[in-house]
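Right, one structure below, let's go through it.
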Amino acid sequence: MNRLFNEHKIDYIIHGDDLCLLPDGTDAYALAKKVGRYKQIKRTEGVSSTEIVGRILASAKEIKVREGRECSSLHGEPHNLNSIQGEESHANGGHISHFLPTRQIVQFSNGSKGPGPNARMVYIDGAFDLFHAGHVEILKSARQLGDFLLVGIHSDHIVSEQRGMHHPIMHLHERSLSVLACRYVDEVIIGAPLKVTRDMITTFNISLVVHGTVAESNTFLNGKTDPYAVPKSMGIFQMLQSPKNITTTSVAQRILANHEVYVKRNAKKEASEKKYYAEKKHVSGD
Numbered sequence: 001m002n003r004l005f006n007e008h009k010i011d012y013i014i015h016g017d018d019l020c021l022l023p024d025g026t027d028a029y030a031l032a033k034k035v036g037r038y039k040q041i042k043r044t045e046g047v048s049s050t051e052i053v054g055r056i057l058a059s060a061k062e063i064k065v066r067e068g069r070e071c072s073s074l075h076g077e078p079h080n081l082n083s084i085q086g087e088e089s090h091a092n093g094g095h096i097s098h099f100l101p102t103r104q105i106v107q108f109s110n111g112s113k114g115p116g117p118n119a120r121m122v123y124i125d126g127a128f129d130l131f132h133a134g135h136v137e138i139l140k141s142a143r144q145l146g147d148f149l150l151v152g153i154h155s156d157h158i159v160s161e162q163r164g165m166h167h168p169i170m171h172l173h174e175r176s177l178s179v180l181a182c183r184y185v186d187e188v189i190i191g192a193p194l195k196v197t198r199d200m201i202t203t204f205n206i207s208l209v210v211h212g213t214v215a216e217s218n219t220f221l222n223g224k225t226d227p228y229a230v231p232k233s234m235g236i237f238q239m240l241q242s243p244k245n246i247t248t249t250s251v252a253q254r255i256l257a258n259h260e261v262y263v264k265r266n267a268k269k270e271a272s273e274k275k276y277y278a279e280k281k282h283v284s285g286d
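FYI, the numbering for the sequence shown is 1 to 286, going by the UniProt record's numbering.
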């Protein structure tokens, strides 16, 4: 705490109104509260980092089970195909988001009123799964190339097709909120298509389409159909040097590398979240 307040000149530590516990079960912000430098805000209902970590751990477990069965089948041991197909269906769509899409997502935006008539519109797209520092930096770089940054967020189906059945970790609405909350983003297209078409460029008056050099899967570099063929033919495409080499996979791998710690930590946090929802009361508007 001394390092945060003195070295980094932090005035307050802010967290949502749900409990945040350390692995030993104690309040993570007890010291900040003790010195009066803690402030609490309303949490975003239905979006939980604890749940997202749980998805990563569960996906890793499912992959190991499947690999074990595939190994058994190679050695002539029978397996239940229906059972495996059922697991695949669960892995791809079994994680249910509790976020209500009817919520006013404008509160996550930077308050942009839209591009001016002669604004230089920059477009960048991707999954933006497990939104991290690498995403922030590439969005910052993209925003510096124009007057207005439009971000296309691919649907869950597209991400799953490109990266595999255990992706994305976060659902479309969760990923959209993360991107909208970034200060460099002016607007988003929720469920953007993989291919950037001429009609799309015309509709949104896009001046420049960019793509980072660090990404989970640059499909057009692997001999597959290039989703940026049209903007390239129009001379408005630019590869943007990614400031950081962080990826969604590298973030997930950090969690999996400390599997036991996170399992214990998540068990305690999941219990506190269940208690939070169980004790939440209806407030009448009368």
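Every residue gets a Cβ at the ideal spot worked out from N, C-alpha and C, and that includes glycine. All of these numbers come straight from a predicted model, not from anything done at the bench.
Supposed close pair residue i, residue j - CB separation, criterion 8 Å
i: Ile153; j: Val188; result: 6 Å
i: Gly212; j: Ser176; result: The pair is not a contact, with the Cβ atoms about 19 Å apart (cut-off 8 Å).
i: Ile41; j: Ile14; result: 6 Å
i: Leu194; j: Pro227; result: 5 Å
i: Lys34; j: Glu137; result: Not quite, the Cβ-Cβ distance comes to about 35 Å (not below 8 Å), so this is no contact.
i: Val214; j: Leu130; result: In fact, because the Cβ distance is near 14 Å, the residues do not count as touching under 8 Å.
i: Arg37; j: Asp18; result: Their Cβ separation, rounded to whole angstroms, is 19 Å, which puts Arg37 and Asp18 out of contact at 8 Å.
Residue of the options minimising C-alpha distance to residue i
i: Gln144; options: Ala58, Val35, Arg183; result: Arg183
i: His135; options: Thr249, Gly16, Arg254; result: Thr249
i: Val56; options: Glu7, Asp17, His8, His166; result: First, the residue type needs correcting, since residue 56 is Ile and not Val in the sequence shown. With distances taken between Cα atoms, Ile56 lies closest to His166.
i: Gln238; options: Ala257, Leu208, Lys244, Val251; result: Leu208
i: Lys39; options: Pro168, Ser49, Gly16; result: Gly16
i: Arg198; options: Arg3, Ile236, Ser178; result: Ile236
i: Gly164; options: Gln253, Glu7, Ser59; result: Ser59
i: Met170; options: Ser49, His8, Leu4; result: Ser49
i: Phe204; options: Gly116, His157, Gln253, Asp24; result: Gly116
Whether residue i touches residue j by CB criterion (8 Å)
i: Ala127; j: Val159; result: yes
i: Ile201; j: Val230; result: yes
i: Leu139; j: Val185; result: yes
i: Gly114; j: Ser155; result: no
Cβ shell of residue i (< 7 Å), same chain only, five flanking positions each side left out
i: Met1; result: Leu31, Ala32
i: Ala142; result: Val122, Ile124, Leu149, Val210, Leu240
i: Ile246; result: His132, Ala133, Gly134
i: Thr225; result: none
i: Ala119; result: Asp147, Phe148
Cutoff 8 Å; reference residue i; Cβ partners in own chain excluding five residues on either side
i: Ile255; result: Val53, Ile56, Leu57, Tyr262
i: Lys232; result: Asp226
Same chain, Cβ closer than 6 Å to residue i, neighbours up to 5 away in sequence not counted
i: Ile84; result: Any reading at Ile84 must be qualified, since the residue scores a pLDDT of 25, below 50, and its modelled position is unreliable; no value is offered.
| said: Quick check for students: name the residue ranges of the beta strand (DSSP E) that lie wholly in the region 7 to 48, counting only runs of 3 or more. | reply: Segments of the beta strand (DSSP E) lying fully in the region 7 to 48: 13 to 16, 38 to 41.
| message | Suppose only complete runs of 4+ residues qualify. What are the alpha helix (DSSP H) ranges in the region 124 to 173, listed by chain order? | response | You should have 133 to 143, 156 to 163.
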